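Residue numbers (the numbering used here), protein chains in the order written: chain A, 169 to 508; chain B, 169 to 508; chain C, 629 to 1247; chain D, 629 to 1247.
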Ligand SMILES: Cc1ncc(C[n+]2csc(CCOP(=O)(O)OP(=O)(O)O)c2C)c(N)n1
Ligand SMILES: Cc1ncc(C[n+]2csc(CCOP(=O)(O)OP(=O)(O)O)c2C)c(N)n1
Ligand code: SF4
Ligand code: SF4
Ligand SMILES: [Mg+2]
Ligand SMILES: [Mg+2]
């Protein structure tokens, strides 16, 4: 590991560790790793302040491949480990990398609690709708009826929608992207990193070994413009190869309309990331293929004090008020008396 | 315990166990217990088929007071225990009683997974916004700034909204009621019990020892008609002491309007429990005191196959297709050969 | 042990006694914990040695008057060194029938029984399961019963404060306290001061309480019923500044002290659980000592957050009780694998499962040692008294930091809630825990290089050039890279084990107390110390050749422990479990030690141990 | 051990040997597991005794050609009874440089080394870390090297199937297999049949595989390079119907069998974890045996669901590996407190923490015994071979149901994935596990009344009149009501302990194998049986006075175990941990047993044990 104490402009390479990357050839994880290395230098952070925390799973190998600080923790607990990191050291820039099993199955509770506390973490959920590392069982995001090693007759579990859950858990930043559109991926990672508070990003990630083509509809050249819709703040929801389809509100629910024939852009739903109430984001998170194009991009991005910020303030305020406690005083507090 | 094998009409008394009830005098739990004993006979279930599962907490003492089968399990695990019960024995009528700490803090993950699987359980979350049994720490539903034993300077945790979370976890039945309006409580319990699939009911419950008056606004004689709104399927959302206020949609968000002056009932939002998409229920779950009246009643009630039903079907179908497996055949499957 | 002297006032005799045990018992609402604490403080300030034990009901607030709702507080004060709250009581205050029923068995024959007759209504008697009033039959014959109309007298005393009767009645604990003060010749000033401070903002309440206290005192003085007063002289205690601490308080103070001595943030991630919650409560009040508490969503998150905080360089600790320790097991393993310093406090309670949450037990020793997957060694320490919790908390952090390892500190419900006077240590005498975190020095950084102590460098995020990754998969010695090599695995398995064993060179040798030429050694650990040393002192006083050794370091054992054990013909191991330390001692040293086990959710009484010692000495 | 005979064809000698160990090694994508399985089946059908061990890479699919991506499968087939997959290999098939590099150390000197030279490209050599090609230096001198252009020959052989070359190359494992078949005189028919069945729907693929197999075989027959063939005679095996089973398969079958014998639903709640997941996979295919599998959200939910299902009357089980067992600890305690029958399978893997997930170890014994809060005893069983997993799974349920208790079944990665021939038991010989659940009988129902076995009635929901509540707080004996009484607590603590200890009357006495008049007893448990018995047989053959005892019941121990141990001058305890059984034996029986420990994620080799035995016998 080269020692590098002078400040210099970092590049993607500076973030590559010396470890061989051990994902299956063709795995979508590679693309995410590559984009991560690209966007990190843009954040103007000292490398030594960056920390990746992960759980267990193929995706959770991520920290080993980054030449930053990192914890490859245990299954499902990354958000809790990361909360400890941030609480103790608010100055660190902390990423959490997790999978659909790690983050939503065993780790679902830590995930929602980190989110609701608004700990300043950027949580990347690599959703491949399968357990990769344990060789192919269905996950909480696997579609019903899916045949896997542990569901030979088809899964009977109704899947969770990661974004709905995150929104249900009071998320301040929610986004979705995927491993194929690397530009979108990079810009989403960057935006998520810049958000103060918990940013939750679902990344559609192809597991070409156990669940190949799971997101073909959303990532395939031919299909993606009809099956996804790119969210842009303040812009109407337009999609389709010809850019001639849009989403309009019908009461509280979305409907697909074709532009023209009396339907104008202004009739469409305009995206607003910043609206304080999450109902719009929630509604968008309910749009699924094949009924609807699936929104990619930033669903929601609002400001709210971070957990570690408030914790730190609490400490500083009390020091200001009471003075920095001295051991002598500490011991002498409570019921004391002197024996002569 | 008297033996009672003849079929007879049951009464509330039949459901009372021989154990002394040990909640603090004045605790809201008493009211819920009383209504439970009242509504159970109406469900026309053999008493021996009723089972209560709970975790740990004041509320979780519930099963001891019911003369039914019951499991007072461990902290946070009741939904998982109950899932095992239902998976093995779909014929049983299973209730889960949990608290805001038991169900949302340590047990949050089991809760959301039971809900998304749509196991046929009636889950009652006694929300007193405090840890009662451990004598007064803040809970995941405690408001920010709350001073408790573990947050002497005020809690810095942003609270979870139980209904938002349940909806975010794909709930098929979601309702809210409280301990004071016993009629509403009873009818909500009854409706929840009759729903096939997971019914999630948040019950505002007063802990008069550690968090007295937490729900005064919603339950107090003077305040409740302005601070709550009773949901009725197919009916407009009207509230207020004079019944002259209503909720209207403004884009995707609710707004309070006064009836009259050109605003008619028909302009109001009409409640629809049965709409397949949960966005309406979600929006309602975002209405909080003091900005909005808080909806009580059934938010959402849709049909979806239950987990244990599909599991049972899977077993029965495979028996139909392959015949009931015999031990002899079981052993002789796989790579076999004969040595003579 | 007592000498009667002439009384100074009225016709009252004063009896000087060596020590007194008083128990206040009443309904949860009767303020017994407060009365107990007041008597404790007053006695401590007076100069007695003290030891106390509160006894909470399991229910938050069981129905008033019910057996389940009885709350008790026992205080032992003495002119000699004492180690336990006392086996039996010299005086029992029974505020209602339920309190009488559940506590009478612990009052010695001829003991003072102070009864609030106003609470002996038909209803209350029935709730306590009395068919006839014990006041009216001869069931209390063998005690010195004083029937006092406490309710009535209290209301009378303070009615001019203008408070409603219900509020007045809330001061009846002070009436009872006053009476006890009179009986045992305790001064009222400390309590009066306390009342003023506490209720300063509501003068009427303050006044009501003061009046009740005084009324109780003067009731003793005036009433003909009381013909004897008892006095317990000041103890010959080491001079210095003392503080009353419970074990939980001492743990909190010790953790803060350790972090301060290391010049670090104390991060405490925990999930509330009886009887450990008070550590969290205490710590959350000490933010100005650079303490950050995190109330996690569960025990797993708590320990996981501690792993994260430890990696970043904080003094990180968590606290819990048995079921919580079980939940933390997997992540503690991560702590061991990542070789990070952290302290895990386990306040043992009655098990298994939810068990007896408010009661004490020592049945988590093997869980602490072995309750994780794989070979997962770590140091385990056990304080032997409430105040020892302070020293051992610092010691836990000292070892954790020096050896880069999680350390488990085992206390129990008895230590946690019991209080004793604590001679405040000189801050300068506390160890220096300052850490030099490594900095880049131009050489390749090896996060898993191990020094002569087998400890690895604690390189913390934010340090340029030392970027490295840790995790739960087996690590290559040196680089810390993921490594599946069989020989490296065996090497690391042994390294982790040797590291912990090596700490034996850095801890005190096992001490032995009691007779020099003893045949019988009583070996204990944790909270049983008080009862064991008391029993051994009694035995020695009787001329029995008995010694005792209280093990505070359970992993690794002190170097000399095997030699110590082998010196004695017989070894007795009393534990509040089925023989967990016993198993370790037998397997490690092949000594035919025998167990003496009590698993009742209650500490040993000195008597029980004395009887067992008699039996062993004879047999 | 081998006798050369004249060859029948060409100029080939046939050597008869007692046993042969072959290892296939190649890239994960090379189909080595399949080739291994085929050789195993063919050898079994042929009539040899067999034992096998697959060796998966830890990564799912490490880069092609990398060291991390090597996958291996070892088969030992013999004319005599064998118990292990063999210490060293007689033949190694190396499909690429990485496979050669990682496996060569296990090939005996003079062993057959079959190399696919087509894979020895510059790129592959570099990936394997070879600076120069081992084919071109003299590093392979001490082996009998056969360089075969397997890729080329395979493509050639089946090119007329019209498949693309990439697809053709996928059959190269069959080419290698064919060559091995020829070398060891194995018939091809079983594999040909299998190919037809497996690829029936794609005749071109089937044909390509068949052709590759035959091409390999005939390559051996025709090529001058091969001058010797080896033959291993049929073993004198007990007649009957056999089946090849891995430990995981046998557990799955055993659990189903137990539930069927009890006429109950098998409920299996589990969360995937290596190396236990296959039990879940297997069971999920057996729904028509009235099996319900539940893939829980985590291990805690899995065991919690099992508690729920057990209460309702199902045969409920869960399976996991070390970290998962840690997570289940708290809820297993609930199982103990509620006295419900359930089976917890723990397939041990390398620890601590995430450790070496795909490797084997025996370091969860103490976790199984003590890894829970409070005194929380339960029976622990350990099968000693893959097929023994069947019997012991049934035994686990027998004990669970009869004694109303959770039972832990400890297997390990070696048993789980290793395969051996299993003489199918007669279904009629399996125990009857039928349960009479209580019915209301007019008397008050006491859910916690304990019979002479200290077992309580299993009253199940749906039974009128037996409504009752269970839970984790201490229970009153008889009524099962929540009970904080100290004496009841102690009584129940003892009752639970005595119940488990009492099971010792209901299990077989400890058996001893080996020399009658032995001085040295080798005591093991679990998967080490094969290596231990083999080493002891060898020792006896050498005239050494050695016996062995493999303990299958670890809690409680068999009644006679203490007596057995005391008969021997020396006791040696080999374990794949740091001495966990050893500690139990020493503390329980005060015998000065010594440990022999290997913690490398790999099973003992017979040689290693033989050496240690030699040392002990001499020393
Ligand atoms: C406590 C525990 N339980 C189970 C496992 C086994 N395990 C490892 S990763 C994993 C799931 C991986 O799925 P996911 O999180 O979706 O990650 P992916 O491999 O698909 O990236 C499981 C079940 C474990 N390591 N630890
Ligand atoms: C594993 C474990 N951790 C912690 C506890 C302690 N504990 C018992 S109940 C409880 C919280 C109770 O709060 P809630 O669920 O809101 O129930 P309430 O008492 O308010 O009805 C806690 C922390 C426990 N029993 N088990
Ligand atoms: S198994 Fe799937 S997710 Fe895992 S590395 Fe391979 S392709 Fe990627
Ligand atoms: S503490 Fe609160 S919730 Fe618990 S029983 Fe008392 S009033 Fe009810
Ligand atoms: Mg996945
Ligand atoms: Mg609560």
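Cβ coordinates follow ideal geometry from the N, Cα and C atoms, glycine included.
Treat the numbers as computed from the prediction; the structure is a model and nothing was measured.
Proximity test, residue 294 of chain B beta-carbon vs ligand 6 heavy atom, cut-off 8 Å: Here residue 294 of chain B is taken as the residue at index 126 of the second chain, counted from 1. Because some heavy atom of ligand 6 lies under 8 Å away, the Cβ of residue 294 of chain B counts as near it: yes.
Where residue 769 of chain C falls: helix, strand or coil (DSSP): Here residue 769 of chain C refers to the residue found at position 141 of the third chain. Correct three-state label for residue 769 of chain C: coil.
Nearest-angstrom Cα separation, counted from residue 739 of chain C out to residue 768 of chain C: Within the third chain, the letter at position 140 stands for residue 768 of chain C. Within the third chain, the letter at position 111 stands for residue 739 of chain C. Their backbone Cα atoms lie some 11 Å apart in a straight line.
Limits of the unbroken alpha helix (DSSP H) element including residue 822 of chain C: In the third chain, counting from the first residue as 1, residue 822 of chain C sits at position 194. First-last of the alpha helix (DSSP H) with residue 822 of chain C: 817–826.
Cutoff 9 Å: residue 662 of chain C Cβ touching any chain B Cβ: Against the third chain, residue 662 of chain C aligns to sequence position 34. For residue 662 of chain C, the answer is no, since every Cβ of chain B falls outside 9 Å of its Cβ.
Closest by C-alpha distance to residue 643 of chain D, when choosing among D:855, D:840, D:688 and D:803: Locating residue 643 of chain D in the fourth chain gives position 15, counting from the first residue. Cα-wise, what sits closest to residue 643 of chain D is D:855.
heavy atom of ligand 5 below 8 Å from residue 237 of chain B C-beta: Mapped onto the second chain, residue 237 of chain B falls at position 69. No.
Beta carbon proximity, residue 314 of chain B to chain C, threshold 9 Å: Sequence index remark: in the second chain, residue 314 of chain B carries index 146 (1-based). For residue 314 of chain B, the answer is no, since every Cβ of chain C falls outside 9 Å of its Cβ.
Residue-chain proximity (residue 507 of chain A, chain C), Cβ-Cβ < 9 Å: The residue labelled residue 507 of chain A in the question sits at position 339 within the first chain. It does: the Cβ of residue 507 of chain A has a partner Cβ on chain C nearer than 9 Å.
First through last residue of the alpha helix (DSSP H) which encompasses residue 829 of chain C: Residue mapping note: residue 829 of chain C aligns to position 201 of the third chain, counting from 1. Taken as a continuous stretch (DSSP letters only), residue 829 of chain C belongs to no alpha helix (DSSP H), as it is neither H nor E.
Cβ-heavy atom distance, residue 951 of chain D to ligand 1, below 8 Å: If you number the fourth chain from 1, residue 951 of chain D lands on position 323. Yes, ligand 1 has a heavy atom inside 8 Å of this Cβ.
Contact test: residue 297 of chain A Cβ vs ligand 5 heavy atom, cutoff 8 Å: Sequence index remark: in the first chain, residue 297 of chain A carries index 129 (1-based). It does: the Cβ of residue 297 of chain A is within 8 Å (strictly closer) of some heavy atom of ligand 5.
N- and C-terminal bounds of the beta strand (DSSP E) containing residue 872 of chain C: Here residue 872 of chain C refers to the residue found at position 244 of the third chain. Taken as a continuous stretch (DSSP letters only), the beta strand (DSSP E) holding residue 872 of chain C covers 868–874.
Host beta strand (DSSP E) of residue 973 of chain D (start-end): Position 345 of the fourth chain holds residue 973 of chain D. Unbroken beta strand (DSSP E) run through residue 973 of chain D: 970–976.
Three-state class that DSSP yields for residue 419 of chain A in the structure shown: Walking along the first chain from the start, residue 419 of chain A turns up at place 251. Coil.
Distance between residue 211 of chain A and residue 472 of chain A (C-alpha atoms, nearest Å): As a working mapping, residue 472 of chain A is identified with position 304 in the first chain. As a working mapping, residue 211 of chain A is identified with position 43 in the first chain. Rounded to the nearest angstrom, the two C-alpha atoms are 21 Å apart.
Proximal chain A residues relative to residue 901 of chain D, where beta-carbon distance stays under 9 Å: Residue mapping note: residue 901 of chain D aligns to position 273 of the fourth chain, counting from 1. In chain order: 243 and 302.
Inter-stretch contact (C-beta, 8 Å, three-pair minimum) for the region 877–885 of chain C and the region 861–868 of chain C: no
Euclidean distance between Cα positions of residue 338 of chain A and residue 394 of chain A: Counted from its first residue, the first chain places residue 338 of chain A at position 170. Counted from its first residue, the first chain places residue 394 of chain A at position 226. Near 30 Å, if we compare the C-alpha coordinates of residue 394 of chain A and residue 338 of chain A.
Test: residue 992 of chain C CB closer than 9 Å to a CB of chain D: Numbered from its first residue, the third chain carries residue 992 of chain C at position 364. So, interface residue.
Under 9 Å between C-beta atoms of residue 918 of chain C and residue 947 of chain C: Here the question's residue 918 of chain C lines up with position 290 in the third chain. Here the question's residue 947 of chain C lines up with position 319 in the third chain. Contact: no.
Supposed close pair residue 220 of chain A, residue 238 of chain A - CB separation, criterion 8 Å: Taking the first residue of the first chain as position 1, residue 220 of chain A is located at position 52. Taking the first residue of the first chain as position 1, residue 238 of chain A is located at position 70. Correct: roughly 4 Å between the Cβ atoms.
Interface partners of residue 913 of chain D on chain A, CB under 7 Å: Translated into the one-based positions of the fourth chain, residue 913 of chain D becomes position 285. Correct list: 320.
Cβ-heavy atom distance, residue 226 of chain B to ligand 6, below 8 Å: In the second chain, counting from the first residue as 1, residue 226 of chain B sits at position 58. Residue 226 of chain B Cβ: within cutoff of ligand 6.
Three-state class that DSSP yields for residue 1004 of chain C in the structure shown: As a working note, residue 1004 of chain C is residue 376 in the third chain. Reduced to three states, the DSSP call for residue 1004 of chain C is coil.
Opening and closing residue of the beta strand (DSSP E) in which residue 370 of chain A lies: Position 202 of the first chain, counted from the first residue, corresponds to residue 370 of chain A. Element bounds for residue 370 of chain A: 367–372.
Helix, strand or coil at residue 684 of chain C [DSSP, three-state]: Stepping through the third chain from its first residue, residue 684 of chain C is reached at position 56. If DSSP states are grouped into helix, strand and coil, residue 684 of chain C belongs with coil.
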